[in-house]
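When we follow this note's numbering, the leftmost residue of the sequence shown carries the number 18, and every step to the right adds one. Everything below concerns the one structure shown next.
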Amino acid sequence: MATIKRALISVSDKSGILELALVLTKLKVEILSTGGTAKLFRDNDIPVIEVSDYTGFTEMLDGRVKTLHPKVHGGILGRRDLPEHVAAMKAADIPNIDMVVVNLYPFEATVAKPDCTLEDAIENIDIGGPAMVRSAAKNWKDVVVLTDASQYADIISELQSTGGAVTEATTFALSVAAFNRVSQYDAAISNYLSAIDYTASMANNKPVSHQFPAQSNTNFIKVQDLRYGENPHQQAAFYRDLYPAPGSLVTAQQLQGKELSYNNIADADAAWEAVKSFDSTSCVIVKHANPCGVALGASALEAYTKAFQTDPSSAFGGIIAFNTTVDKAAAEAVSKQFAEVLIAPDYTSDALTVLSAKANVRVLKIALPKGGTLGLKASPWEQGRNS
């Protein structure tokens, strides 16, 4: 177990940090901090040592260099189980740092702002934060690393139950989460800069993106394990993009029905991507990834009726998608046939009552992208990557 005696805390998102710091203080943990985080602690009467006082090296270059110091990284990286490490740290007067709490400069949020300049983006690239996170994550047997406020509650509970220690199972899981976060962060920076057309950006005095960047990095997060893949002898899991496109299948809310299967997901994605490409009220029925009915109508009922009449035989057991609210009349018509999945932006309460009689039907609700798919102002690359 890692016993916490000294913690370095430096966060951009200060949500929940006071609660964590108060618990650490009660456990007699020494807290090191920087800038705004240290000020927050002082303002709330939490004992804190400025990192610059701890290292004896004053912040410089407008804060670009403040934690990049041997006394910080040596204290994090030094292995407690290696006598030579212990001796070297003692000789250099480098105490152990047992916990690192860092969340990074908000690069992703900054570049998402419509008025973000290239200078804004560059200044929000964190250097010291990822360095400390990587150091702590590498030395996970001895150091606890926290990179998100959502992790605080569990750590507080564990610290209180153990009197200030954290199990190796927890420190390993936090290490993995830390490396994942740094990977996501670097991917976001790489994606943003790779997309910049430098010449056009300088000419227009604002960032201009290439239609197709030279490199794109994608991070996926597992949504769920699936019972099997396309066939029963295959294994599969469902993953989503770290930043899923608005209106994509992974943003769906399942209102009723059994767990989605691999084939359900594949067919539902095909049906939903097809139906949301229409501006007029429409319905798409898909079976085995092939449209077997596509129709427009004055209402959801009319669109469905026309789509179903295209090929009633193939529509049996299919995926039905609407780009409009499903009302009672449409729900009653759909309920007369066997369907695996029903997808729509919304449902009336009467429609949901009708559909509840078919408890096994998977009913998904997905908000359409603002302005509709055809109205999305995205590059061809983004449109393709997010579909």
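Note that the Cβ used here is the ideal one computed from N, Cα and C, for glycine as well. Computed from a predicted model, the values in this text were never measured in an experiment.
Own chain residues within Cβ distance below 8 Å of residue i, not counting five before or after
i	result
Ser226	Ala212, Ile213, Asp214 and Ser396
Ala231	Ser211
Asp284	Val303, Lys304, His305, Ala306, Gly335, Ile336, Glu357 and Val358
Asn197	Asn236
Endpoints, the alpha helix (DSSP H) within which residue i is located
i	result
Tyr202	Glu185 to Ala212
Ile16	The requested residue 16 does not occur in the structure, where the chain is confined to residues 18 to 404.
Met149	Gly145 to Lys155
Ala287	Tyr279 to Val292
Glu175	Tyr169 to Thr179
Ser366	Ser366 to Leu372
Ala326	In the sequence as presented, Ala is not what sits at residue 326; that position holds Gln. That run of the alpha helix (DSSP H) goes Ala317 to Thr327.
Leu37	Ile34 to Lys43
Ala231	From DSSP, Ala231 is part of no alpha helix (DSSP H); its letter is neither H nor E.
Ala350	Lys345 to Val351
Cross-strand partners of residue i (DSSP beta bridge)
i	result
Gly219	Note that residue 219 is Met in the sequence shown here, rather than Gly. The partner list for Met219 (beta bridge, DSSP) is empty, contrary to what the question assumes.
Asn307	Lys304
Ile336	Val303 and Val358
Phe295	Beta-bridge pairing links Phe295 to no other residue.
Ile66	Leu49
Ser226	Ile213
Thr20	Ala182
Leu313	Ser299
Beta-carbon proximity check, residue i vs residue j, cutoff 7 Å
i	j	result
Ser299	Ala320	yes
Val301	Val311	yes
Val40	Ile34	no
Asp286	Leu266	yes
Leu4	Gly181	This structure gives no information on residue 4, because the portion of the chain shown stretches from 18 to 404.
Thr164	Val150	yes
Leu372	Ala347	no
Thr54	Ile26	yes
Val68	Leu85	no
Ile238	Phe255	no
Lys375	Gln270	no
Val117	Ala153	yes
Asp159	Ala19	yes
Lys88	Ile111	yes
Leu135	Val162	no
Val380	Leu272	yes
Asn208	Ser233	yes
Trp157	Phe189	yes
Ala253	Gly264	no
Ser278	Cys309	no
Asp115	Arg23	yes
Asn377	Gly274	yes
Ile21	Val46	yes
Same chain only: Cβ atoms within 6 Å of residue i, ignoring 5 sequence neighbours per side
i	result
Ala338	Ala288, Trp289, Val292, Val301 and Ile360
Thr390	Note on Thr390: pLDDT 49, under 50, position unreliable in the model; no value is reported.
Arg402	No answer about Arg402 holds up, because its pLDDT of 47 lies below 50 and its placement is not dependable.
Val240	Phe255 and Arg257
Glu76	Ser69 and Lys83
Ala368	Val343, Asp344, Lys345 and Ala348
Range covered by the beta strand (DSSP E) that runs through residue i
i	result
Asp242	Phe237 to Leu243
Val28	Arg23 to Val28
Phe255	Ala253 to Asp258
Leu266	Neither: Leu266 is in no beta strand (DSSP E) and is coded neither H nor E.
Own chain residues within Cβ distance below 7 Å of residue i, not counting five before or after
i	result
Pro147	Leu121, Val199 and Tyr202
Ser404	Any reading at Ser404 must be qualified, since the residue scores a pLDDT of 46, below 50, and its modelled position is unreliable; no value is offered.
Thr127	Cys133, Asp137, Ala138 and Asn141
His102	Gly95 and Arg96
Asn61	Leu35
Phe333	Gln354 and Phe355
Asp363	Thr342 and Lys382
Ala350	Leu318, Tyr321 and Thr322
Any C-beta of chain B under 7 Å from that of residue i
i	result
Ala55	Absent from the structure is chain B; it holds one protein chain and no more.
heavy atom of the ligand MG below 6 Å from residue i C-beta
i	result
Asp214	For the ligand MG, the structure offers nothing, since it holds no ligand at all.
**Report entry** 4-residue-minimum alpha helix (DSSP H) runs that sit fully inside the region 86-165, ordered along the chain
**Finding:** Entirely contained in the region 86-165, the alpha helix (DSSP H) runs reaching 4 residues are, in chain order, 87-94, 100-108, 124-128, 135-140 and 145-155.
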